[in-house]
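What the sequence shown shows, in my numbering, is residues 331 to 426, in sequence order.
A virtual CB, placed ideally from N, CA and C, is assigned to each residue, including glycine.
Just so you know, these numbers come straight off a predicted model, no measurement behind them.
Right, one structure below, let's go through it.
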Amino acid sequence: RKVVEMARALCTQPKLLLLDEPSSGLSVEETEDMAFWIQDITRLLGITVLMVEHDMSLVAAVSDRVLALNYGRAIALGTAREVQEHPEVIKAYLGG
């Protein structure tokens, strides 16, 4: 179903594709497939993807830049690794 939704959105030839939790409800294998599709969308079609996602393996696989929010406030911006290692992100999400 998620693939059909993405295909339908791509039919409109967008410049920006908004994805809300694209890996939600997917198996590990399906999430890996989703990562390849998102990479193809950005690299082959030149479409910018803005994604809300909690699966950090997917985020790391497809993102150039990551913005972490805590209660609607930006707390870190950078690569997936930089954001994951940011002290405010660790405090907000891991209680460190």
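Buried or exposed: residue i, going by 16 or more other Cβ atoms within 10 Å of its Cβ?
i, result
"Glu359", "exposed"
"Ile420", "exposed"
"Pro417", "exposed"
"Ala365", "buried"
"Ala406", "buried"
I need the DSSP call for residue i, collapsed to helix, strand or coil.
i, result
"Asp385", "coil"
"Ile377", "coil"
"Arg338", "helix"
Is the separation between the beta-carbon of residue i and that of residue j shorter than 9 Å?
i, j, result
"Leu348", "Leu375", "no"
"Pro344", "Ile368", "no"
Check for me: the alpha helix (DSSP H) holding residue i runs from which residue to which?
i, result
"Asp450", "Look at the range of the chain in this structure, 331 to 426, and you will see that residue 450 is not part of it."
"Tyr423", "Pro417 to Leu424"
Tell me residue i's beta-bridge partners as DSSP assigns them.
i, result
"Arg411", "Answer is none; Arg411 lacks a bridge partner."
"Val396", "Gly408"
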